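Just so it is clear: in the sequence shown, position 163 is 165 by our numbering, and no numbers are missing. We treat Cβ as the ideally placed atom computed from N, Cα and C, and that holds for glycine. Keep in mind that this is a model prediction, so the values were computed, not measured. Reading through the structure tokens given below for one structure.
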Amino acid sequence: MKPVISVIFTAGSGVETCRAKLAGQTFKEYEIIEADRFAGLERAHGEYILFVDGSEVYPENMLEKLHDAAEQSGADMVISNCELIDSDGGKTFGRGVHFEWVHGGKQVFNWKDCRGRIMNVVRPLVGNKLYRKQFIIDAGLGIAGCDSEAIYSAIGAVAAEKIAYISNLTFSRNVVPESEAEKLPDVPKTVDCVTEHVKGMADRTDLWNAVMYFAIRQYVDNYEKYCRELDSAERIEFYEKAHSVFNSEIFDGLTEKGLNDDKLFRKYSIIKKHDSSELKKLKTRRIIVSLTSYPARIAGIAQMLESIYSQTRKADKIVLWLAEEQFPNRDDDLPDDLRKLQFEDKLEVRWCDDLKPHKKYFYALQEFTDDVVVTIDDDLQYPPYMLENLYMSYLQYPEAVSAVRTHWMVISDKGQLIPYRYWMKETVACLYRPKMQLFATGGAGTLYPPGIYDDKWFDKDKMVEMCLWADDIWLKLIEIMSGVPVVAAMPCEDLRYLPGSQEIGLYHKNVDADQNDVQLQKIEEWLKPEYGDNALANKILEYDGEPVEDALIRVCECHEKERRELRNEIGRNSRQLKKRIEENERAYREKSEINAKLQRTYKEKSEINAKLQQTYKEKADRGIRIKELEKEKSDLQAKLGELQAEKADIQKKLEQLQAENVVLQKQRSIWYKIKK
């Protein structure tokens, strides 16, 4: 009988194990072919193709469900989920499809339902996809060289008229980590193959964003997995290839909006901008986290620092600057938890003059001139990806200040800065783009690249005279006069303050009492003799160009506030949704495990019942045999009785013969005597 499914075993060895694993399938109309993909397709007789490598552990209805879904939907590809098992036995649930990218959540879809990411919507896992054989041939996949799972998944997703996703079908797969030596050379080949394939398609224009997304993902993901340290010729060669490809015509016209993935676009931009030697130089810079505090807040520092120790990108050094006059006994005035951090080399405490909030940057920027300095406040708890986002922004714009929280400095149509309270607060209007008109608030997390400020601006006396309580304003003065723009490195989230810390914060002094404007005016007066009226606004406009109309700014500010509130609400909902999805996935895994246990239990029960039936049959057979043996025993006992009776008769005759023999002996003896 002609097979319906051709299972092509590509591992090269262990095919008998594969046969054993598939032996229990409820669907029996399959063949197993041991060959690579190209040769296997030539030998395949089935209407459908399933590639395996022996690492799969399928439920017994796997082939049946894949086949039924293909027949019912008419799909060219049918995809299941997969539970990945690592070498330590750890399990990770993996959807076969990035279902969240499919428009409308369709179970049967094609590229038009997921235009920008269609080449990445199908996870490239061996063993979770059933292909229609004729589709593989028509799509141009059945040729030598197109043999990787990534190529099949990407081109298959683009070319398929229908892709069916079975969300309730999961198998297990033992993960064998790919080696760097095998994977890195394979990436350019995969990208080139997919790119050339799409160039020949009628819908190539509509699909080009998907091509760029696929290529960027391939290079960026493998760079991050294998090449973060550019410390070998192979890794440098791979990075330079990515740098070259990202600067090729393939990516002409690519925008952040077109890619629709802010974080990925930034990673792409970093590789595109820097060759390997430039990036290596940037990455040699240490990250120095610098902060200050005072007696009223010193008790909360250890709690605040927990969020810094938990960052996804770790700091190389954390320095706490304290005024000696506020802590006359130095370390003896510090809480025990801070001294413990010092003892563990997690924190360095430095003693200095009391420059109020300026302490957190003033000394660090002058001492750590070859490193990046990140300033933080002593009253905030930071999201775990804060340092990572700032560092990524630094790699993208190494000559700009990168900040978590930024305000838009509004300039009127007369070329004047309007009062601080009317600036656009916590704006994301220019996210990831360097702008002189952006105002960084240092405490929320701000990164300062090395060597960007002229020493002349570190005038302690002038700073104390004009701007003692507003460190952010003095730093903005330095940035404007040094031609250093600011980048909003991440969307500004609702910042979490330590309980009670805001009761004595600088915000009330500088904002509520308009002291920021007073200090800005002092700076303008100081600059006026050399730079003229409105020196700060003029310098900003020299860098950024003409200001936005005042009325438009007001509208934007209102919209910005609404967007921020909406974004925060969306963020909260997204976190709740993510939590529910994780709970559902966990429940699904638990349900799957329970179902698997039930299936095993049912199977064991069936086996036990079969054994019981066999036992009952054997018992019945034994009963019949026992009766037969008992009859035989009875017959034998009767026969034995007869034999014993015969034995007694024979014994009696023997005794008679013996008596007769004695008489004969006597007669013979008498006869001999008479004869003699």
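Note down, in chain order, each residue of its chain lying with its Cβ closer than 6 angstroms to the Cβ of G26, except the 5 sequence neighbours on either side.
E62
Three-state secondary structure assigned by DSSP to I420:
coil
Kindly indicate which residue of F370, A212, Q601 has the alpha-carbon position closest to the one of G453.
F370
Where Q679 sits in the DSSP three-state scheme
Here the chain has residues from 3 to 678 only, and residue 679 is not among them.
What residue does the alpha helix (DSSP H) around N391 start on, and which one ends it?
388 to 398
Distance CB(A304)-CB(D347) smaller than 8 angstroms
no
Please state whether DSSP places N512 in a helix, a strand or coil.
For N512, the pLDDT reaches just 48, beneath the cut-off of 50, and the residue's location in the model is therefore unreliable, although a value from the coordinates is still provided. Three-state DSSP puts N512 in a helix.
My output table needs one value for K108: the three-state DSSP class, helix, strand or coil.
coil
Does DSSP put S309 in a helix, in a strand, or in coil?
helix
Quick check on I273: buried or exposed, where buried means 16 or more other Cβ atoms within 10 Å of its Cβ?
buried
Local Cβ density within 10 Å of K269, reported as buried at 16 or more and exposed below that
buried
Can you tell me whether N112 is buried or exposed, with buried defined as 16 or more other CB within 10 angstroms of its CB?
buried
If we call anything under 8 angstroms between Cβ atoms a contact, is M137 one with D78?
Just to set this straight, residue 137 is Phe in the shown sequence, not Met. Their beta carbons are under 8 angstroms apart, which means F137 touches D78 by this criterion.
Which of the three DSSP states is assigned to E102 in this structure?
helix
Validate contact between the stretch 160 to 176 and the stretch 122 to 134 using beta carbons, cut 8 angstroms, 3 pairs:
yes
Roughly how many angstroms lie between the CA atoms of G302 and D381, to the nearest whole one?
8 angstroms
Under a Cβ-count criterion, where at least 16 other Cβ atoms within 10 Å of its own Cβ denotes burial, should S312 be classed as buried or exposed?
exposed
First through last residue of the alpha helix (DSSP H) which encompasses W2
There is simply no residue 2 to check, as the chain begins at 3 and stops at 678 in what is shown.
Exposed unless 16 or more other CB atoms sit within 10 angstroms - verdict on G92
exposed
Do you know offhand how far I310's Cα is from W323's?
16 angstroms
Just checking my contact of T294 with P359 at CB under 8 angstroms: how many whole Å lie between their CB atoms?
7 angstroms
Anticipated Cβ contact below 8 angstroms, V363 with V375, distance rounded:
Residue identity differs from the one stated: residue 363 is Tyr in this sequence, not Val. With 8 angstroms as the limit, Y363 and V375 qualify as a contact, their Cβ atoms being about 7 angstroms apart.
Could you give the DSSP three-state label for C354: helix, strand or coil?
strand
Buried or exposed: which applies to K541, given that a residue is buried once 16 or more other Cβ atoms fall within 10 Å of its Cβ?
buried
Could you tell me the boundaries of the beta strand (DSSP E) in which F53 lies?
50 to 54
Give me whichever residues DSSP pairs with T448 in a beta bridge.
T377, A405
Which of the three DSSP states is assigned to K93 in this structure?
strand
Per DSSP, what are the beta-bridge partners of Y167 in this structure?
I81
On the CB-based measure, 16 or more other CB atoms within 10 Å of its CB, does G14 come out buried or exposed?
exposed
C-alpha distance - A612 paired with G106, whole-angstrom precision:
49 angstroms
Roughly how many angstroms separate the alpha carbons of N663 and A650, rounded to a whole number?
20 angstroms
Look up Y1 in the DSSP assignment and give the residues it is bridged to.
Lying before the first or after the last residue shown, residue 1 is absent from the chain, which here runs from 3 to 678.
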